[in-house]
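Undergrad:
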Amino acid sequence: MPNTILIGSQWGDEGKGKIIDVLTAQADMIVRYQGGSNAGHTVIAEGEKRVLRLVPSGILHEGKVCVIGNGVVMNPLDLIDEIEMLRSTGIECQGRLYISTRTQMVMLYHRALDKADEAARPVGKKIGTTGRGIGPAYAAKVSRTGLRCGDMLIPEFPELVREQVLETNAKLAQLNAEPLDADEMVKTYIEAAEKLRPYIIDTIPLIHKADRAGQSILLEGAQGTMLDIDFGTYPFVTSSNPTSGGACIGSGLSPRRIDRVIGVIKAYTTRVGEGPFPTEDFGEVGKTLAERGHEFGAVTGRPRRCGWFDAVVARYAQMVNGVDFWTMTKLDVMDTLPEIKICVAYELDGKRIEDMPASAAELARCKPIYETMPGWLEETSNVTSMDQLPLKAKAYVERLVELSGGRLGILSVGPARESTIRVGI
Ligand code: GDP
Ligand code: IMO
Ligand code: MG
Numbered sequence: 173m174p175n176t177i178l179i180g181s182q183w184g185d186e187g188k189g190k191i192i193d194v195l196t197a198q199a200d201m202i203v204r205y206q207g208g209s210n211a212g213h214t215v216i217a218e219g220e221k222r223v224l225r226l227v228p229s230g231i232l233h234e235g236k237v238c239v240i241g242n243g244v245v246m247n248p249l250d251l252i253d254e255i256e257m258l259r260s261t262g263i264e265c266q267g268r269l270y271i272s273t274r275t276q277m278v279m280l281y282h283r284a285l286d287k288a289d290e291a292a293r294p295v296g297k298k299i300g301t302t303g304r305g306i307g308p309a310y311a312a313k314v315s316r317t318g319l320r321c322g323d324m325l326i327p328e329f330p331e332l333v334r335e336q337v338l339e340t341n342a343k344l345a346q347l348n349a350e351p352l353d354a355d356e357m358v359k360t361y362i363e364a365a366e367k368l369r370p371y372i373i374d375t376i377p378l379i380h381k382a383d384r385a386g387q388s389i390l391l392e393g394a395q396g397t398m399l400d401i402d403f404g405t406y407p408f409v410t411s412s413n414p415t416s417g418g419a420c421i422g423s424g425l426s427p428r429r430i431d432r433v434i435g436v437i438k439a440y441t442t443r444v445g446e447g448p449f450p451t452e453d454f455g456e457v458g459k460t461l462a463e464r465g466h467e468f469g470a471v472t473g474r475p476r477r478c479g480w481f482d483a484v485v486a487r488y489a490q491m492v493n494g495v496d497f498w499t500m501t502k503l504d505v506m507d508t509l510p511e512i513k514i515c516v517a518y519e520l521d522g523k524r525i526e527d528m529p530a531s532a533a534e535l536a537r538c539k540p541i542y543e544t545m546p547g548w549l550e551e552t553s554n555v556t557s558m559d560q561l562p563l564k565a566k567a568y569v570e571r572l573v574e575l576s577g578g579r580l581g582i583l584s585v586g587p588a589r590e591s592t593i594r595v596g597i
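Numbering-wise (our numbering), the sequence shown opens with residue 173 and increments by one.
#1: For the beta strand (DSSP E) that contains V333, what are its first and last residues?
#2: Is it the case that the Cβ atoms of G418 and Q276 are separated by a distance below 8 Å?
#3: If you run the structure through DSSP and keep just helix, strand and coil, what is T273?
#4: How about V409: is its Cβ closer than 7 Å to a heavy atom in the ligand IMO?
#5: Do the CB positions of V555 and L563 come within less than 8 Å of each other?
#6: Measuring straight from C-alpha to C-alpha, what distance separates D527 and T397?
#7: Contact between the stretch 464-473 and the stretch 532-551 is defined here as three or more beta-carbon pairs at a separation below 8 Å; is this criterion met?
#8: Apart from the five residues just before and just after G300, which ones in its own chain have a Cβ nearer than 6 Å to its Cβ?
#9: In chain order, what residues of the same chain have a beta carbon less than 7 Å from the beta carbon of A565, not counting five sequence neighbours either side?
#10: List the residues that DSSP assigns as beta-bridge partners of M545.
#11: When you compare only the Cα positions, how much space is there between L575 and R487?
#12: For I401, which option in I389, Q490, P414 and I177 has the closest C-alpha, if you only look at C-alpha atoms?
#13: For the 8 Å Cβ check, are there 3 or more pairs between the stretch 347-362 and the stretch 372-381?
#14: Would you report the Cα separation of C321 and R369, rounded to the nearest angstrom?
#15: In this structure, how does DSSP classify P475 when only helix, strand and coil are distinguished?
#16: Kindly list the residues whose CB is nearer than 7 Å to the CB of A342, restricted to its own chain and excluding five residues on each side of it in sequence; keep chain order.
#17: Any heavy atom of the ligand GDP within a distance shorter than 7 Å of the CB on H233?
#18: Regarding A470 and the ligand MG, is the C-beta to nearest heavy atom distance less than 7 Å?
#19: Quick one: Cα of K313 to Cα of F497, how far?
#20: Between the Cα of V516 and those of G469, D507 and R571, spot the shortest distance and give me the residue it belongs to.
#21: Thinking C-alpha only, which one of M500, L232, F449 and A530 is nearest G479?
#22: Could you pull out every residue in the same chain whose Cβ sits closer than 7 Å to the Cβ of V492, ignoring the five residues on either side in sequence?
#23: What residue range does the alpha helix (DSSP H) around S416 cover?
#24: Please name the residue or residues paired with C238 in a DSSP beta bridge.
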């Protein structure tokens with residue numbers, strides 16, 4: 173398989189975990205390049221469901237090498253839990269999971285800051301973060317006060333943690349939040365460092381050696397294009413670059429070594445947290461999609477907001493990421509809808525627009541312009557080839573791809589590995 177970046181094209185939860193798991197069969201190395209334990213990637217394999225937050229979703233395939241790249245913000249305590257969860261289900265990470273010495277760490281004090289900061293924001297300004305400390309950890313990285321995984325390997329580590337706890341306590345006090353106990357934090361992180369030490373290496377030579385040897389590298393994005401700190405609905409975004417450009421920055425693999433980009437896109441749209449969402453449906457359709465699609469956050473359990481497919485979002489994702497192939501997921505969720513709408517453009521202040529506005533305030537004023545297609549009212553979850561799809565379902569998929577640009581690579585009609593139709597890839 174050529175070196176591949178896989179990205180989310182909407183507001184996250186497109187089914188990236190499932191597709192990474194499917195593609196891993198043909199890859200040698202899987203690299204997570206951004207985000208942290210705000211991600212929840214669900215993989216259902218051999219009847220067992222696992223939700224991965226930091227470990228690449230390729231870990232379930234024996235012998236594949238998995239890397240947590242430098243662009244990730246890694247919470248050591250969450251990672252230890254995840255390694256234990258995998259071990260308890262028969263998957264050993266040691267010897268095939270590597271964490272970059274350059275990866276920034278999310279500490280308990282970042283989590284405390286994230287929660288205090290959200291609580292202090294007035295209604296209308298809240299972001300609805302996952303509360304995992306992601307924003308404060310990336311802020312520390314950029315302001316050059318962050319601790320990196322390599323710091324866990326040096327004797328000064330306890331003192332570095334103590335310094336940061338004391339500094340953060342001053343910020344927490346300003347937000348009227350409880351201070352943290354520095355001694356307790358230091359103890360917690362010394363223990364965590366002991367457990368994670370065997371996994372931490374300089375992953376740049378590891379990735380390049382694999383590439384030079386002709387191995388295939390799969391770069392796993394978390395979140396989605398519309399949550400990108402630069403390209404998303406700022407400020408209602410996450411603090412990293414989930415888009416394809418972020419994959420090189422977050423892994424150390426050169427852009428010249430990337431062969432293709434796969435965009436995962438749901439056959440409808442969902443969003444968790446605050447921020448504009450033009451096609452959101454507050455009625456029966458939204459309810460049906462939420463129920464049939466089990467649209468609850470894999471990490472936080474929060475209900476996801478649901479609505480029709482938005483081709484303005486898809487076209488924008490195509491532009492920003494350079495999607496070669498689409499992987500369309502969750503078509504089966506729409507099986508019972510008699511009529512289906514597709515947003516093809518927006519109306520903004522009385523004018524038709526085709527491109528994504530840069531401002532979230534403008535997007536919030538956009539009204540979707542819909543075209544309507546008939547529903548297929550047949551079950552698609554047992555379909556194993558495009559030819560078996562009901563004609564109306566096939567027409568819907570073809571229309572979405574036509575509106576989005578690019579080609580269809582994979583169609584997914586259920587959560588399990590088997591419910592996957594390979595089309596162009
Ligand atoms: P991710 O964050 O992009 O990996 O997506 P999540 O795991 O958060 O959410 C996707 C959900 O949809 C998970 O519960 C998957 O098991 C499920 N899923 C993935 N693909 C399909 C599909 O084609 N059909 C259905 N019905 N469920 C799917
Ligand atoms: P996966 O990888 C969906 C959303 C949060 C919030 C915003 C900022 O599973 O697709 P953060 O905690 O990152 O500061 O929150 O981003 N968000 C996600 N929404 N899927 C995700 O990840 C998300 N990760 C963050 O709900 O709106
Ligand atoms: Mg998810």
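Just so it is clear, CB atoms sit at the ideal spot from N, CA and C, and this is done for glycine as well.
TA: Result, derived from the coordinates:
#1: Stepping through the sequence shown from its first residue, residue 333 is reached at position 161. Per DSSP, V333 belongs to no beta strand (DSSP E); it is in the alpha helix (DSSP H), F329 to Q346.
#2: Position 246 of the sequence shown holds residue 418. Position 104 of the sequence shown holds residue 276. No, the Cβ-Cβ distance between G418 and Q276 is not below 8 Å.
#3: Within the sequence shown, residue 273 is the residue found at index 101, counting from 1. Three-state result, T273: coil.
#4: Position 237 of the sequence shown, counted from the start, is the residue given in the question as residue 409. Yes, the ligand IMO has a heavy atom inside 7 Å of this Cβ.
#5: On the sequence shown, residue 555 is found 383 positions in, with the first residue counted as 1. On the sequence shown, residue 563 is found 391 positions in, with the first residue counted as 1. No, the pair does not count as a contact, with Cβ atoms beyond the cut-off.
#6: Sequence index remark: in the sequence shown, residue 527 carries index 355 (1-based). Sequence index remark: in the sequence shown, residue 397 carries index 225 (1-based). About 15 Å.
#7: no
#8: As a first step, residue 300 must be located in the sequence shown, where it is residue number 128. Cβ neighbours of G300 within its own chain (closer than 6 Å, five residues either side excluded): G445 and E446.
#9: Within the sequence shown, the letter at position 393 stands for residue 565. These residues qualify, in order along the chain: L503, W548 and T552.
#10: In the sequence shown, residue 545 corresponds to position 373, counting from 1. Answer is I512.
#11: By 1-based counting over the sequence shown, the position of residue 575 is 403. By 1-based counting over the sequence shown, the position of residue 487 is 315. About 7 Å.
#12: Looking up residue 401 in the sequence shown gives position 229. Comparing Cα positions, the closest option is P414.
#13: no
#14: As a first step, residue 321 must be located in the sequence shown, where it is residue number 149. As a first step, residue 369 must be located in the sequence shown, where it is residue number 197. Distance between the alpha carbons of C321 and R369 is about 9 Å.
#15: Locating residue 475 in the sequence shown gives position 303, counting from the first residue. In this structure, P475 counts as strand in the three-state DSSP scheme.
#16: Counting from one through the sequence shown, the residue named residue 342 turns up at place 170. Answer for A342: no residue qualifies.
#17: On the sequence shown, residue 233 is found 61 positions in, with the first residue counted as 1. With a cutoff of 7 Å, H233 does not count as near the ligand GDP, since its C-beta is closer than that to no heavy atom of the ligand.
#18: Walking along the sequence shown from the start, residue 470 turns up at place 298. A470: yes, Cβ under 7 Å from the ligand MG.
#19: Here the question's residue 313 lines up with position 141 in the sequence shown. Here the question's residue 497 lines up with position 325 in the sequence shown. Roughly 33 Å separates the two Cα atoms.
#20: For the purposes of this step, residue 516 is taken as residue 344 along the sequence shown, with counting starting at 1. If we check each option's Cα against that of V516, R571 comes out closest.
#21: In the sequence shown, counting from the first residue as 1, residue 479 sits at position 307. Ranking the options by Cα distance to G479, first place goes to F449.
#22: Within the sequence shown, the letter at position 320 stands for residue 492. Around V492: T397, F403 and T415.
#23: Here residue 416 refers to the residue found at position 244 when the sequence shown is read from its first residue. Its alpha helix (DSSP H) spans residues S416 to I421.
#24: Within the sequence shown, the letter at position 66 stands for residue 238. According to DSSP, C238 bridges with I202 and L269.
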